[in-house]
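In our numbering, the protein residues as written are 3 to 103. Report on the structure given below.
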């Protein structure tokens, strides 16, 4: 199942600048030139691109609060994903965690 959605009325940040009361559609998981799927009215909101975090030190506390303390990695990953999304980060590279001696 792919995302089909049209966002209307929000101020859309585009490569050329801010488009007031713009429209952006997503079809087949990609930005589309034409309206698609359900329409969401975003009047009064900003529609911005997702942030790419190339080194997520600010979020690693969910995965390794201190060496050896994290016993449930799955819960840590869920918490990190939720915090990344809440901060507008759509793509993140987390620092590697070394194990062993």
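Where a beta carbon is used, it is the ideal one built from N, C-alpha and C, also for glycine.
Below 8 angstroms, enough C-beta pairs join the region 11-19 and the region 46-55 to call them touching: three or more. Contact check for residue 42 against residue 6 fails: the beta carbons are separated by 8 angstroms or more. Contact between residue 82 and residue 64 holds, with the beta-carbon distance rounding to 4 angstroms and staying under 8 angstroms. Per the C-alpha coordinates, the member of 92, 77, 8 and 20 positioned closest to residue 53 is 92.
Rounded to whole angstroms, the gap between the alpha carbons of residue 79 and residue 40 is 30 angstroms.
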